[in-house]
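Student:
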Amino acid sequence: MFCNQCEQCRPMCQNDGPGVCGKDPDVQSLQETVLYGLKGLAAYANHTRRLGKTDEAMSAFIEEALFATMTNVNFDIPALIELVLAVGKHNLTAMQLLDAGHTERFGKPSPTAVTEATEPGPGILITGHDLVDLADLLEQCRGTDVKVYTHGEMLPAHMYPKLREHPNLAGHYGGAWQNQRTEFAAFSGPVIATTNCILIPNGYANRVFTTRWTAVPGGTRLTSSDFSSVIAKAKECAPLKKSAPKSSTIGFHWTTLLDLAPTLVDAVKAGQISRFFVIGGCDGAELGRNYFSEYAKLTPASSFILTLGCGKYRIRNDDHGTLLGLPRLLDMGQCNDAFGAIQVAVKLAEAFNCGVNDLPLTLVLSWFEQKAVSVLLTLLSLGVKGITIGPRPPAFITPNVFKVLQDTFDLRLSGSSAAADVAAAIGN
Ligand code: SF4
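Below you can see the structure in the form of structure tokens.
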């Protein structure tokens, strides 16, 4: 335990025993789980606010939950577990509002082929999650020869008709956040980072622009939605070169999958679909994350893989084939589109007249940052059991707290053998 949050802090607050106030490592663990879950929830709530949507109960809860982590407020493990799950419940509201905000502003998503290549001429790369920034940038580029390319978690922007139909949106470039230093160095134009994940630039900071509170040393932080300095920079920089065209199909938003629900339900009943796997979350650089690509490769040909978040980059380069005329790998969108995976699970459970935990559904989540924590808490707050997380357990969760989660929710850690875990999931 490490706690230094109050004046009473003494060496005993930073070792294995209780602190001066009596806070012990498990209380500290649950307080941190609340704090980290709130960070994720606040990120989604901030996006929804930018789309003109707020929820007073959610905002009030964020204040109340922060307050509950102050010194000498709550030492009670069951109450703190209740609070942890309440973070997940309110995060569902945030994801739901964000989903509605995106769809209302940018149109009903649909599957689409995205060109992953650059064209000769000036170009701007935009990364992060904020689709409002992308929309503003595109409008300010209208009428110029400056093309805009999405990067990382911006890839799902192409599924929204009002974004993909914009003449200045030229395609997608690059993969997950951890490859930025190579990819941004190779992209000759300016880069806009709208949210996490931004790495500290290594030799190209003079071309990096960030929005609002996203910022890096040497970069230019934009405090308004005026992108004229970025557009001017694109015209100054060396033009992009034509790269070999590649195409991928994305945009299997939950509304698209619900349109297909009667077909999917009949196919499950006929034995043509054996299982749905949700494999996604965050990507990262650690070798242990190969577990997720191995896992996806080993899923049976009769199963669908739903993916979301930048964890998709771990599995989308492999050819998973097709099933019932659809790609087996269905890209649902950004990390917040985990809301869509929940919607699909709930609707399938209704169609089969069973609980979500009784569906032929396996969730395998890679986590990296605090939004993934809030998404996991949402799934737990809904009573979803048997989720596998990895590649490592959160360091802020003590063994005692993890045991409570295992006992209550059958929460599992990704193992050393993806083959054994896939075999267990399909009952072999
Ligand atoms: S809140 Fe408790 S554990 Fe933390 S520094 Fe203060 S007395 Fe120590």
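The numbers in the working numbering rise by one with no breaks, and the one at position 72 of the sequence shown is 682. Every residue, glycine too, gets a C-beta built ideally from N, C-alpha and C.
For the region 940 to 1023, list the beta strand (DSSP E) runs that are entirely contained and at least 3 residues long, ordered along the chain.
Tutor: Entirely contained in the region 940 to 1023, the beta strand (DSSP E) runs reaching 3 residues are, in chain order, 971 to 976, 998 to 1000.
Student: Grab the span of the alpha helix (DSSP H) containing Gly647 for me, first residue to last.
Tutor: Against the sequence shown, residue 647 aligns to sequence position 37. Looking at the DSSP string, the run of the alpha helix (DSSP H) that includes Gly647 is 635 to 660.
Student: Which word fits Phe886, buried or exposed, when buried means at least 16 other C-beta atoms lie within 10 angstroms of its C-beta?
Tutor: One-based indexing of the sequence shown puts residue 886 at position 276. Classification of Phe886: buried, given that the 10 Å Cβ count is 16 or more.
Student: Between which two residues does the alpha helix (DSSP H) holding Phe886 run?
Tutor: By one-based count along the sequence shown, residue 886 stands at place 276. Here Phe886 belongs to no alpha helix (DSSP H); instead the beta strand (DSSP E) covers 885 to 891.
Student: Could you pull out every residue in the same chain whose Cβ sits closer than 8 Å to the Cβ of Thr725, ignoring the five residues on either side in sequence?
Tutor: The sequence position of residue 725 within the sequence shown is 115, counting from 1. Cβ within range, chain order: Ala780, Gly781, His782, Pro855, Lys856, Ser857.
Student: Cutting at 6 Å between CB atoms, please list the residues of its own chain near Gly829, excluding the five before and the five after it.
Tutor: Mapped onto the sequence shown, residue 829 falls at position 219. Here the set comprises Ala815, Val818, Thr820.
Student: With respect to the beta strand (DSSP E) encompassing Leu553, which residues constitute its N-terminal and C-terminal limits?
Tutor: Only positions 611 to 1038 of the chain appear in this structure, which leaves residue 553 out of reach.
Student: Arg899: which of Ala704, Leu987, Cys964, Ser976 sits nearest, CA to CA?
Tutor: Working through the sequence shown from its first residue, we reach residue 899 at position 289. The option with the nearest alpha carbon to Arg899 is Ser976.
Student: Which residues in the same chain as Asn1010 place their Cβ atom closer than 6 Å to its Cβ, once the five residues preceding and following it in sequence are excluded?
Tutor: Position 400 of the sequence shown, counting from 1, holds the residue named residue 1010. Here the set comprises Asp636.
Student: Considering only residues of the same chain and omitting the five flanking positions on each side of Leu973, which have a CB-CB separation below 6 Å?
Tutor: Counting from one through the sequence shown, the residue named residue 973 turns up at place 363. Hits under 6 Å: Val888, Ile997.
Student: Let me make sure I understand the geometry here. Which of Asn927, Lys995, Thr932 has the alpha-carbon closest to that of Ile952?
Tutor: The residue you call residue 952 lines up with position 342 of the sequence shown. For Ile952, the nearest C-alpha among the options comes from Lys995.
Student: How is Gly698 classed by DSSP in three states: helix, strand or coil?
Tutor: The sequence position of residue 698 within the sequence shown is 88, counting from 1. Gly698 falls in the helix class under three-state DSSP.
Student: Tell me which same chain residues have a C-beta within less than 6 Å of the C-beta of Pro827, skipping the five on either side of it?
Tutor: For the purposes of this step, residue 827 is identified with residue 217 of the sequence shown, where counting begins at 1. Nothing meets the Cβ criterion.
Student: Using DSSP bridges, identify the partner residues of Thr820.
Tutor: By 1-based counting over the sequence shown, the position of residue 820 is 210. Bridge partners of Thr820: Ala803, Arg831.
Student: In the DSSP assignment, find the beta strand (DSSP E) that holds Ser913 and state where it starts and stops.
Tutor: Working through the sequence shown from its first residue, we reach residue 913 at position 303. First-last of the beta strand (DSSP E) with Ser913: 913 to 918.
Student: Kindly identify the DSSP beta-bridge partner or partners of Val724.
Tutor: Residue mapping note: residue 724 aligns to position 114 of the sequence shown, counting from 1. Looking at the DSSP assignment, Val724 forms a beta bridge with Ser858.
Student: Can you check which of these residues, Leu735, Leu748, Val644, Gly627, is closest to Ile802 by C-alpha distance?
Tutor: Here residue 802 refers to the residue found at position 192 when the sequence shown is read from its first residue. When each option's Cα is compared against that of Ile802, the closest is Leu735.
Student: If you compare alpha carbons, which of Ala842, Asn946, Thr865, Arg924 is closest to Ser984?
Tutor: Your numbering for residue 984 matches position 374 in the sequence shown. Closest option to Ser984, Cα to Cα, is Asn946.
Student: Using the C-alpha atoms, what's the distance from Phe837 back to Leu747?
Tutor: Here residue 747 refers to the residue found at position 137 of the sequence shown. Here residue 837 refers to the residue found at position 227 of the sequence shown. Going from the Cα of Leu747 to the Cα of Phe837 covers about 6 Å.
Student: Pick from Phe685, Leu651, Gly799, Lys663: whose alpha carbon is nearest that of Ile672?
Tutor: Walking along the sequence shown from the start, residue 672 turns up at place 62. Checked all of Phe685, Leu651, Gly799, Lys663; the closest Cα to Ile672 is Leu651.
Student: Tell me whether Lys633 counts as near the ligand SF4, meaning its Cβ is closer than 7 Å to at least one heavy atom of that ligand.
Tutor: Sequence index remark: in the sequence shown, residue 633 carries index 23 (1-based). Under cutoff, so the answer is yes.
Student: Assuming Lys663 and Leu707 make a contact with CB atoms under 8 Å, what is their CB distance in whole Å?
Tutor: Counted from its first residue, the sequence shown places residue 663 at position 53. Counted from its first residue, the sequence shown places residue 707 at position 97. Confirmed, about 4 Å.
Student: Across which residues does DSSP place Lys757 in a beta bridge pair?
Tutor: For the purposes of this step, residue 757 is taken as the residue at position 147 of the sequence shown. In the DSSP output, where bridge partners are listed per residue, Lys757 has Gly733.
Student: Round the Cβ separation of Phe1006 and Tyr646 to the nearest angstrom and send it over; I've been treating them as touching at under 8 Å.
Tutor: The residue you call residue 1006 lines up with position 396 of the sequence shown. The residue you call residue 646 lines up with position 36 of the sequence shown. Between Tyr646 and Phe1006 the Cβ distance is about 7 Å, and since that is below 8 Å, they are a contact.
Student: Spell out the partners DSSP gives Thr932 in its beta bridges.
Tutor: The count along the sequence shown starts at 1 and reaches residue 932 at position 322. Paired residues: Pro937.
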